[in-house]
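Throughout the sequence shown, residue numbering follows mature numbering (1 follows the signal peptide of the UniProt record, and there is no 0), covering -23 to -1, 1 to 349 in sequence. Below is one structure, written out as structure tokens; comments come after it.
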Amino acid sequence: MTVCFKTLFLLLFALHWTQEELAVVYNEFDQDSLILTHVLFRHGNRTADRQHELYPNDPYLNEPYFPYGNGQLTKVGKKKEYDLGKSLRARYNTLLGDQYDPMIVDAYSTDYNRTKMSLQLVLAGLFPPKEEDIFENGLLWQPVPFNYLPKYEDKVLLGVLCPNYLKMYDEVTKSEEMQKKFAEHANAFRYISEHSGLNVTRFYDLYNLYFGLSTEEEYGLLLPEWTQIVWPETITNLAIQDYFVSMTTDDMVKMASGYYIEKIIQDTIKKIISSDWPGKRIYLYSAHENNIAELLMSLNLFNKPHVPNYGAWISIEIHFINNVYGVKIYYENYTGKGPELLTIPDCESFCPLDKFIALTSHLIPSEDLCGI
């Protein structure tokens, strides 16, 4: 943390509360108490990415996926993200107000077509134009700006592409301990290698294959007969193991999700101490399933290992209740009855901000850790 950031952090301790007051806070849920939210979401349904996910014996190696192209959002994926924007509007209407105000939103995407398009679709659903904003009859859309950085410069959302991260990941996969883990699945690796034409030697190979097969199947393509023995259960379970490989060391965790957590904390403190009105009310981040998984893992909330679904989102909400600034974390993966309120270990479902900062302090990376 910088000296300035530490100073801002200390300001939070000006607030004091009793255990009785906290008991009330923890049991309250009121959107009127919400002052800011940070929403990280996965892009929508897409086609297979030719560069990483197809395999030498793939019968659909030359599938053009017209009119979408490889690695791009499908019509279903576009609808998914637009609906996500509408659901966020319904959830945060009180916070955002009825009319789009460029001062209240910051939107970011990774440098991929599918995440940029997803962000535009979410923004379209989140900020439909009022009558006075319509500039073309019949067009219920208005432009909302967003930002992104080139892939290898984006520490916040693509820390797994940091030079030092890639070096550490390579070292971990070659370690004796990890080689023993890979050896435990030698039969599956061998079977998949023989039939796919891939040289499967690590979980990452199956992580990529998982997306190749899943996107082909979602697109309506019939998977080869050999996959029936290992798809979806075996390949999915082995693909998920790569999430754990990607978070093996403390420094890898810091780069994978620490820069994002640091930005959330910094932006939250800026909101609290700022006299600007209305100030930021929502930060949007269009990213990937691994961003969701890595954030959950870093906060010790990845209790049921899984591949986050298309459009899955995590909202880190900042509430002010009974003179307490605190955090509520909601996760929507479309497997239940709505967003699930998560509880960070050693805190409560409404986690006082100073405690949240203390509990995540070990995740904050040094400025030069990434290596860019």
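All C-beta atoms in this analysis are idealised placements derived from N, C-alpha and C, irrespective of residue type, glycine included.
For residue i, three-class secondary structure by DSSP
i: Ala335; result: helix
i: Ala84; result: strand
i: Asn4; result: Only weak support is given to the placement of Asn4: the predicted model assigns it a pLDDT of 38, under 50, and the question is left unresolved by the model.
i: Pro122; result: coil
i: Arg66; result: helix
i: Phe327; result: coil
i: Phe112; result: coil
i: Ser292; result: strand
i: Val278; result: Just to set this straight, residue 278 is Leu in the shown sequence, not Val. Coil, per DSSP.
i: Ile238; result: helix
i: Leu346; result: coil
i: Leu72; result: helix
i: Leu138; result: helix
i: Leu50; result: strand
i: Leu340; result: helix
Contact belief for residue i with residue j at Cβ below 8 Å, rounded distance in angstroms
i: Asp26; j: Asn39; result: At roughly 14 Å, the Cβ-Cβ gap does not stay under 8 Å, so Asp26 and Asn39 are not in contact.
i: Ser275; j: Ile246; result: Actually they do not touch by this definition, with Cβ atoms about 19 Å apart.
i: Thr92; j: Ser263; result: 4 Å
i: Leu31; j: Asp88; result: In fact, because the Cβ distance is near 22 Å, the residues do not count as touching under 8 Å.
i: Glu304; j: Glu294; result: Reading off the sequence, residue 304 comes out as Val, not Glu. With 8 Å as the limit, Val304 and Glu294 qualify as a contact, their Cβ atoms being about 7 Å apart.
i: Met145; j: Asp244; result: About 27 Å; that fails the 8 Å criterion.
i: Ile306; j: Ile242; result: Not a contact, Cβ separation roughly 13 Å.
i: Pro322; j: Tyr220; result: Pro322 to Tyr220, Cβ: 18 Å. No contact.
i: Tyr77; j: Leu261; result: About 13 Å; that fails the 8 Å criterion.
i: Thr230; j: Leu340; result: Note that residue 230 is Val in the sequence shown, not Thr. That belief holds up - the Cβ atoms of Val230 and Leu340 are roughly 6 Å apart, short of 8 Å.
i: Ala289; j: Glu309; result: 6 Å
i: Arg66; j: Thr192; result: Actually they are not in contact, since the Cβ atoms of Arg66 and Thr192 sit about 29 Å apart, beyond 8 Å.
i: Phe327; j: Ile298; result: 7 Å
Other residues of its chain near residue i: CB distance less than 6 Å, five sequence neighbours each side excluded
i: Thr150; result: Arg179
i: Glu271; result: Ala233 and Ser234
i: Pro140; result: Gly348
i: Tyr311; result: Asn286
i: Ser251; result: none
i: Lys240; result: Val133
i: Ser173; result: Tyr32 and Asn34
i: Leu183; result: Ile212, Leu215 and Ala216
i: Val99; result: Glu58, Leu61 and Gly62
i: Trp203; result: His172
i: Asp110; result: Gln119
i: Gln218; result: Phe180
i: Val121; result: Leu100 and Phe104
Element boundaries [alpha helix (DSSP H), containing residue i]
i: Val133; result: Counting along the chain, Val133 falls outside any alpha helix (DSSP H), and DSSP gives it neither H nor E.
i: Gly303; result: First-last for Gly303: Val301 to Glu309, but that is the beta strand (DSSP E), not the alpha helix (DSSP H).
i: Asn167; result: Residue identity differs from the one stated: residue 167 is Arg in this sequence, not Asn. Run containing Arg167: Ala163 to Ser173, per the alpha helix (DSSP H) assignment.
i: Phe159; result: Glu153 to Ala160
i: Ser95; result: Asn90 to Leu103
i: Val230; result: Asp227 to Val230
Same chain, Cβ closer than 7 Å to residue i, neighbours up to 5 away in sequence not counted
i: Glu194; result: Leu200
i: Asn268; result: Leu17 and Leu134
i: Asp60; result: Gly102
i: Ser95; result: His20, Gly21, Leu50, Glu58 and Ser263
i: Tyr69; result: Thr14 and Ile259
i: Val207; result: Ala165, Tyr168 and Ile169
i: His29; result: Asn185
i: Asn176; result: Ser170
i: Ile249; result: Tyr302
i: Thr337; result: Ile238
Proximal residues to residue i (C-beta, below 8 Å), its chain only, five neighbours per side dropped
i: Cys(-20); result: Below a pLDDT of 50, predicted positions are generally treated as unreliable, and Cys(-20), at 46, falls in that range; the measurement from the model is reported next regardless. Excluding sequence neighbours, Cys(-20) sits near nothing in its chain.
i: Asp9; result: Thr71
i: Ile81; result: Leu73, Gly74, Pro255, Gly256, Lys257, Arg258 and Ile259
i: Lys56; result: Gly21
i: Leu(-2); result: Because Leu(-2) carries a pLDDT of 38, less than 50, the predicted location of this residue cannot be relied on, and no value is offered for it.
i: Phe279; result: Tyr220, Ala270 and Leu273
Cβ of residue i within 8 Å of any chain C Cβ
i: Tyr184; result: Judged by its chain identifiers, the structure shown contains no chain C, having just a single protein chain.
Bounding residues of the beta strand (DSSP E) (the contiguous stretch that carries residue i)
i: Cys19; result: Here residue 19 turns out to be Arg, not Cys, going by the sequence shown. Leu11 to Arg19 is the span of the beta strand (DSSP E), which, as asked, contains Arg19.
i: Leu319; result: Glu317 to Leu319
i: Ser223; result: It is not in any beta strand (DSSP E) - Ser223 carries neither H nor E in the DSSP assignment.
Residue i beta carbon near the ligand GTP (any heavy atom closer than 7 Å)
i: Ile269; result: Of ligands this structure carries none, so the ligand GTP is not represented either.
Ignoring anything shorter than 4 residues or poking outside the region 246 to 275, list the alpha helix (DSSP H) runs there in chain order.
-> 266 to 275
Jot down the residue ranges of each uninterrupted beta strand (DSSP E) in the region 172 to 211, minimum 3 residues, whole runs only, in chain order.
-> none
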